[in-house]
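Here is the structure we will look at.
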Amino acid sequence: MNASPAPLAPTRAPSLHATGMRKVFGELVALDDVELHVRAGTVHALLGENGAGKSTLVKCIMGFYRQDAGTVRLDGEEVHVRSPKDAQAAGIGMVYQHFTLVPSLTAAENLVVARADAPAIIDWGKERAKLQAFMARMPFRVPLDVPVADLSAGEKQKLEILKLLALDQRFLILDEPTSVLTPDEADEVLGLLGRMAHEGQITVLMITHKFREVSAYADDVTVLRRGALAGSGPALSLGVERLSRLMIGETTLRARAERRPVDGDTVLELAGLFAHHPDGSEAFHGINLKVREGEIVGIAGVSGNGQSALVEALAGQRPLSDGRIFIRGEPFEPKRDAYHRFKVFGLPEEPLKNAAVPRMSVAENIAFRSFDRPPISGAGGWMSLRPLRQRAQELIERYRVKTPSPDTPIEHLSGGNVQRAILARELSGDVDVLVVANPCFGLDFASVAEIRAQIMDARNRGAAVLLVSEDLDEILELADRVAVMSEGRIDYVAPIGETDRTTIGKHMAAHGP
Amino acid sequence: MDLTDSALFTVLVAMLGGAIRVSTPFLFVAVGECLTEKSGRINLGLEGNLVLGAMVAYATSFHTGEPWLGVLAAGVSGIFLGLIHGTLCSLPRVNDIAVGIAMMAFGTGLAFYFGRPYIQPPAPLLPSIPLGNWTGIPSLQRALEINPLFFVGIAVALLMSWFFRSTRWGLIVRTTGDSAPAAKAMGVNVDLVRILATASGGFLAGVGGSFLSLYYPGSWNEGLSSGQGLMAVALVIFARWDPIRCIWAAFLFGAAGAIGPAFQAIGITQGFYFFNAAPYILTLFILASSARSRSSAREAPGELSIVK
Ligand SMILES: Nc1ncnc2c1ncn2[C@@H]1O[C@H](COP(=O)(O)OP(=O)(O)OP(=O)(O)O)[C@@H](O)[C@H]1O
Ligand SMILES: [Mg+2]
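Respectively, the protein sequence lines represent chains A and G. Going by the numbering used here, the final residue of the first sequence carries number 524, and the count climbs one at a time with no gaps. Going by the numbering used here, the final residue of the second sequence carries number 314, and the count climbs one at a time with no gaps.
Written out as structure tokens, the structure reads:
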């Protein structure tokens, strides 16, 4: 890679100024007179708690939603963006949290088909030459001839960004761009975008929950709180302390729960578990692990090494090809009855997809574990809705789920609040075994503290906790013992006191890609 | 013993000729289905297109005396059925498999209803190109009398492969079939693309039907198709959604279908029914094995209802 890429064209980066932005969903005021000023050629971070309105604000700018009031100016001129297509024409592009690439098309095909002016008949010789010339000017490369399905998450993220740049979009909006990346990949992508911004080629607006990224890459910061502007200014003048104040106001953070010594018997035992992917390849191999009462066993590993398959197997979403699961010495089949009898609970990753019915209401989703038992289920199999709502209301308050009402479809909650609602459902009862996967993915720091404390509380009450996480800090903070999963195997298990970050990191990369 | 007299030679030549003849309708239906499935829909109703196409082609040829006009009319009848399928499936909460089965019944029913009067009278059939005169061997000459539609089918498959790779519309069809959200984000009208792809696939299946009634077997009756339209769906899976592999797969199915008649040609009639069942056994075998195959899972368009 060359030291500094030749600029595309000098001073192309636009500035963006949104004023008086207001958006109301039913009863809920998601945005109230918000102002956002992004200077040309800067990296601007948009911060706020879960549900503060960050995604809503950028979706208004992108034309997914029509704001109820407010104007957006690009380089001082008012723009009327009614659809993402208008945004594209105005030079505003967005990288979404989920990828919008076509998996079976190659990178080159994805870049060509995304162009509005793609020729009817594609001369691949010419197009390839053009793409290569374009790539040569870009600070990062992606293999052009491999189907996107075979690219790593980091490469896909880069390709998404390249796609916007190839479309000549100079105002880039990134909604939690680094959540799918490893810290190294995140550093690479953000570093390069920052460089391009400072050369005046692009302007970047990024939503993030990570203070580390804000202090390392952002020039300016805007903070939203409950739909209103809480503050803004240069990143340098706002320390982490100030930023967190702005985000959560005077609410006190939940203190880190203390770890009480608990000495119990083995509760959960995984004995020689094997499973396969639908395409026949092996997902994990010979997993042996014991979790005791009042113990958190953390499974560390780079994503895609079989952890999600293991969680799916424990949740009954994936059949085991061999091995048994025991709970207190009794064989456990992942079925609804057994979950209830053995008091097994869980929070899978991507809870909106794996643990909720998106179109059902928050209250109904919270009742999934209890709707077929008294008091909700009465005589003759009839459900009584009053206790269902009452219970939901209670849990919504206790776990501070931000929702317009218990009857709102759960898919309309912000990402963090879906997580809280599911956690409220799973943690509120008497828990013997808890299986959690990446519980703090995409959560703001206050929620992170809250949820980690909840998990620690469950442990202190005697639950056996299996915590699968890609975030090593989380494991180091919570786990009593660490197991490292790599290429579908667990070859390293150690008590937290006898290991450290480097040793774990080494084992994570042991077979690794 | 002379080579041309040997039983093996006779069987092989009969199988070659049979494979070319039998594979042609398979090829058209499969390439049509390939296009439809690449856009993210399954059309199980192509059996209906095939049978209706056969009837319409025969009737048109009978009335106009122009067999090629019959081929065209068969294609148009296929577009008609494809448009109905495509439009119905675009309604919310309509399942393409269920619509396909209904369309199969509708197409064959229509053909049987309007086809009654054409079972007896003979209509002009499609000509063939004698490509084997140079061999001087009568059995080879007969085997190499090839209908132009066979070559048209191969050309269509090659053209479609190029279309998928090197045209904007081809990329858009693949995008639509693999990720509807991505297509929508590009401003593509997903339903429209799928309706057009189903209609074009229906055209090809209709043309395939005309081959049945106007060349081989070369008459119109209600037992004309023996499930080729359905088997073509299996064939597309076997060909992993690649038009060029569809050519080979169609040939394989054609050869399997030609085993029975070829053995009959040398007087072996034992196991006749078993050999005639060869294509169906092949279908079952392919479906069972490809369901577990890694590459077919990878290459399946992501939007297909059977894959999701
Ligand atoms: N389509 C919708 N209908 C109803 N309410 C909605 C809709 N979209 C968002 N909301 C509500 O608007 C509020 C702001 O949501 P938004 O997604 O903007 O939050 P966010 O700041 O992006 O949070 P997170 O960090 O969790 O992603 C939330 O309370 C959410 O429930
Ligand atoms: Mg958001």
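Even glycine gets a Cβ: it sits at the ideal position worked out from N, Cα and C.
D333(A) by DSSP, collapsed to three states: which one? Sequence index remark: in the first sequence, residue 333(A) carries index 322 (1-based). Three-state DSSP puts D333(A) in a strand.
Would you list, in sequence order, the uninterrupted beta strand (DSSP E) runs of no fewer than 3 residues that lie entirely inside the region 140-188 of chain A? 182-186
Residues of the region 38-65 of chain G with Cβ closer than 9 Å to any Cβ of chain A, in chain order: none
Please find out if some non-hydrogen atom of ligand 1 comes closer than 8 Å to the beta-carbon of A63(A). The count along the first sequence starts at 1 and reaches residue 63(A) at position 52. Flag set: Cβ of A63(A) near ligand 1.
Hey, quick one: how far does the beta strand (DSSP E) through Y503(A) stretch, first residue to last? Position 492 of the first sequence, counted from the start, is the residue given in the question as residue 503(A). 500-506 is the span of the beta strand (DSSP E), which, as asked, contains Y503(A).
The beta strand (DSSP E) enclosing E224(A), as first and last residue numbers: Reading the first sequence from its first residue, position 213 is the one you call residue 224(A). No beta strand (DSSP E) contains E224(A), which is instead part of the alpha helix (DSSP H) from 222-228.
Measuring straight from C-alpha to C-alpha, what distance separates P21(A) and Q212(A)? Residue mapping note: residue 21(A) aligns to position 10 of the first sequence, counting from 1. Residue mapping note: residue 212(A) aligns to position 201 of the first sequence, counting from 1. Caution applies to P21(A), whose pLDDT of 45 falls short of 50 and renders its modelled position unreliable; the value that the coordinates give is listed next. Computed Cα separation, rounded: 7 Å.
In whole angstroms, give me the CA-to-CA distance for S67(G) and V123(A). Here residue 67(G) is taken as the residue at index 61 of the second sequence, counted from 1. Here residue 123(A) is taken as the residue at index 112 of the first sequence, counted from 1. S67(G) and V123(A): Cα-Cα distance of roughly 45 Å.
Applying a beta-carbon distance threshold of less than 8 Å, which residues of chain A neighbour I178(G)? Your numbering for residue 178(G) matches position 172 in the second sequence. Those within 8 Å of I178(G) in chain A are V124.
Check the Cβ-Cβ distances between E134(A) and every residue of chain G, and say whether any is below 9 Å. For the purposes of this step, residue 134(A) is taken as residue 123 along the first sequence, with counting starting at 1. Looking at the sequence itself, residue 134(A) is Asp, so the reference to Glu does not match. Taking Cβ atoms only, chain G reaches closer than 9 Å to D134(A), which makes this a yes.
Cβ-Cβ separation, L434(A) to I462(A) (assumed contact under 8 Å), whole Å: Position 451 of the first sequence, counting from 1, holds the residue named residue 462(A). Position 423 of the first sequence, counting from 1, holds the residue named residue 434(A). About 6 Å; that satisfies the 8 Å criterion.
Say the cut is 8 Å; is the CB of E187(A) nearer than that to a heavy atom of ligand 2? Residue numbering aside, residue 187(A) sits at position 176 when the first sequence is read from its first letter. Answer for E187(A): yes, Cβ within range of ligand 2.
E60(A): beta carbon under 8 Å from a heavy atom of ligand 1? In the first sequence, residue 60(A) corresponds to position 49, counting from 1. Yes - ligand 1 has a heavy atom lying nearer than 8 Å to the Cβ of E60(A).
Does E280(A) come out as helix, strand or coil in the three-state DSSP assignment? Numbered from 1 along the first sequence, position 269 holds the residue referred to as residue 280(A). If DSSP states are grouped into helix, strand and coil, E280(A) belongs with the strands.
Paired residues, beta bridge with H287(A) - DSSP: Within the first sequence, residue 287(A) is the residue found at index 276, counting from 1. Answer by DSSP bridge pairing, in chain order: E293(A).
Please report the straight-line C-alpha distance between I338(A) and K44(G), rounded to a whole angstrom. As a first step, residue 338(A) is located in the first sequence; it is residue number 327 there, counting from the start. As a first step, residue 44(G) is located in the second sequence; it is residue number 38 there, counting from the start. Between I338(A) and K44(G), the C-alpha separation is close to 47 Å.
On a CA-only basis, which of I26(G), G76(G), V35(G), S12(G) is nearest S225(G)? Give me that one, please. In the second sequence, residue 225(G) corresponds to position 219, counting from 1. For the residues I26(G), G76(G), V35(G), S12(G), the minimum Cα distance to S225(G) belongs to G76(G).
How would you list, in chain order, the residues of chain G whose beta-carbon sits under 8 Å from the beta-carbon of Q129(A)? As a working mapping, residue 129(A) is identified with position 118 in the first sequence. Checking the sequence, you will find Ala at residue 129(A) rather than Gln. Chain G residues near A129(A): R174, L177.
E498(A) CB to nearest chain G CB: under 9 Å? Reading the first sequence from its first residue, position 487 is the one you call residue 498(A). Taking Cβ atoms only, chain G never reaches closer than 9 Å to E498(A), which makes this a no.
Between R33(A) and the rest of its own chain, which residues show a CB-CB distance below 8 Å, the 5 nearest in sequence each way excluded? Working through the first sequence from its first residue, we reach residue 33(A) at position 22. So the list reads V40, L42, D43, D44, V45, Q78, D79, A80, G81, once near-sequence residues are dropped.
Going by other Cβ atoms of all chains shown within 10 Å of its Cβ, with 16 needed for buried, is W140(G) buried or exposed? Taking the second sequence and counting its residues from 1, one reaches residue 140(G) at position 134. Its Cβ having fewer than 16 others within 10 Å, W140(G) is exposed.
Contacting residues, own chain, Cβ-Cβ under 6 Å from A29(A) (five flanking each side not counted): As a first step, residue 29(A) must be located in the first sequence, where it is residue number 18. Answer for A29(A): L47, V83, listed in chain order.
Would P187(G) pass as an interface residue toward chain A - the criterion being a Cβ-Cβ separation below 9 Å? In the second sequence, residue 187(G) corresponds to position 181, counting from 1. Judged by the 9 Å Cβ criterion, P187(G) is in contact with chain A.
For my contact list, V17(G) and A189(G) are in at a C-beta cut-off of 8 Å; report their separation, rounded to the angstrom. Position 11 of the second sequence holds residue 17(G). Position 183 of the second sequence holds residue 189(G). Not really, about 50 Å apart at Cβ, beyond 8 Å.
Beta-bridge partners of S497(A), as assigned by DSSP: Sequence index remark: in the first sequence, residue 497(A) carries index 486 (1-based). According to DSSP, which records beta bridges pairwise, S497(A) is partnered with R500(A).
Give me the Cα-Cα distance between Q1(G) and A284(G), rounded to the nearest whole angstrom. In the structure as shown, chain G starts at 7 and stops at 314, and residue 1(G) therefore has no counterpart that could be examined.
Compare the C-beta of S243(A) against all C-beta atoms of chain G and say whether one is closer than 9 Å. For the purposes of this step, residue 243(A) is taken as residue 232 along the first sequence, with counting starting at 1. No, S243(A) lies away from the interface with chain G (no Cβ there is under 9 Å from its Cβ).
Can you find the residues in the same chain that come closer than 7 Å, C-beta to C-beta, to D468(A), ignoring five residues on each side of it along the sequence? The sequence position of residue 468(A) within the first sequence is 457, counting from 1. These residues qualify, in order along the chain: A268.
Just how far apart, CA to CA, sit C252(G) and F259(G)? Within the second sequence, residue 252(G) is the residue found at index 246, counting from 1. Within the second sequence, residue 259(G) is the residue found at index 253, counting from 1. If you take the alpha carbons of C252(G) and F259(G), they lie about 10 Å apart.
Please list the terminal residues of the continuous alpha helix (DSSP H) segment that includes T30(A). Along the first sequence, one-based indexing puts residue 30(A) at 19. That residue, T30(A), is in no alpha helix (DSSP H); its beta strand (DSSP E) goes 27-36.
Identity of the residue in P128(G), V28(G), G24(G), V37(G) nearest W247(G) by Cα: For the purposes of this step, residue 247(G) is taken as residue 241 along the second sequence, with counting starting at 1. For the residues P128(G), V28(G), G24(G), V37(G), the minimum Cα distance to W247(G) belongs to V37(G).
What does D197(G) reach in chain A if we use C-beta pairs closer than 7 Å? Residue mapping note: residue 197(G) aligns to position 191 of the second sequence, counting from 1. Per Cβ cutoff of 7 Å: no residues; D197(G) is ~18 Å from chain A at best.
Rounded to a whole number of angstroms, what is the C-alpha to C-alpha distance between Q401(A) and I377(A)? Translated into the one-based positions of the first sequence, residue 401(A) becomes position 390. Translated into the one-based positions of the first sequence, residue 377(A) becomes position 366. Spanning the two alpha carbons is a distance of roughly 11 Å.
Does the beta-carbon of R181(A) have 16 or more other beta-carbons within 10 angstroms, so that it is buried, or is it exposed? Sequence index remark: in the first sequence, residue 181(A) carries index 170 (1-based). Counting Cβ neighbours within 10 Å, R181(A) comes out buried, since at least 16 surround it.
Let's see if you can read the secondary structure: which residues bound the beta strand (DSSP E) around F356(A)? If you number the first sequence from 1, residue 356(A) lands on position 345. Taken as a continuous stretch (DSSP letters only), the beta strand (DSSP E) holding F356(A) covers 355-358.
Is there a C-beta anywhere in chain A that falls below 9 Å from the one on M166(G)? By 1-based counting over the second sequence, the position of residue 166(G) is 160. No, M166(G) does not count as interfacial toward chain A.
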